[in-house]
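Residue numbers (the working numbering): 1 to 127.
We treat Cβ as the ideally placed atom computed from N, Cα and C, and that holds for glycine.
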Amino acid sequence: MGRRSSRRRRRPLRDRLVAVPEYSTFEGWQEDPKLRYWNCWGYIDARDGAQSVFLSLKSEMKGHHQYLIAAPDTCMRKSNDELVKAMFPNVKYNKTAGPNDTLLSIEKAKKELGFKPAYKWQDQVRK
């Protein structure tokens, strides 16, 4: 997704797997981390994705700015330590603050756009 205008502002938003009613399918991935490792187990709730588009359109920054847009957690119940060790054994891994915090850097979107992802898949499946 992106935005262009005559003032040369562009905001490519690199979002991950977008989900809302499909949260129930996340349970089917839990036994095999290989099913979702291709994007570091990232995803985004459609409502948070919409928030990122709104914030991008509202931004007054000029020029080209890219952002990773993702949920604050991964789509897996296993800890990041287990997942990374199993799927990327030879890659240096810097632990995340929480055991399931996203492995994707969304800090730039938080800082520059005010992006605040609010929806986690596990909270939605419990409803």
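Relative to the alpha-carbon of residue i, which residue among the options has its alpha-carbon at the smallest distance?
i	options	result
CYS40	LYS120, LYS116, LEU104, ALA109	LEU104
GLN124	LYS78, GLY98, ALA71, LYS95	ALA71
ILE106	LYS116, LEU57, ASN100	LYS116
LYS78	GLY114, GLU22, ARG126, GLY98	GLY98
ASP73	GLU22, ASP45, TRP38	ASP45
GLU22	ASN100, TYR43, GLY63	TYR43
Roughly how many whole angstroms lie between the Cα atoms of residue i and residue j?
i	j	result
LEU35	TRP29	6 Å
GLU112	GLN51	14 Å
LYS120	LYS110	16 Å
LYS96	ASP81	Position check: residue 96 holds Thr in this sequence, whereas Lys was assumed. Distance between the alpha carbons of THR96 and ASP81 is about 9 Å.
ALA118	PRO89	31 Å
LEU68	LYS108	8 Å
VAL84	GLN66	25 Å
ASP48	THR102	14 Å
Please classify residue i: is it buried, with 16 or more other beta-carbons within 10 angstroms of its beta-carbon, or exposed?
i	result
SER24	exposed
VAL91	exposed
LEU57	exposed
MET61	exposed
ASP32	exposed
Pick helix, strand or coil for residue i, following the three-state DSSP scheme.
i	result
GLY28	helix
Kindly identify the DSSP beta-bridge partner or partners of residue i.
i	result
HIS65	Answer by DSSP bridge pairing: none, since HIS65 is not bridged.
ASP48	DSSP lists no partner for ASP48.
MET123	Sequence check: residue 123 is Asp here, not Met. Answer is none; ASP123 lacks a bridge partner.
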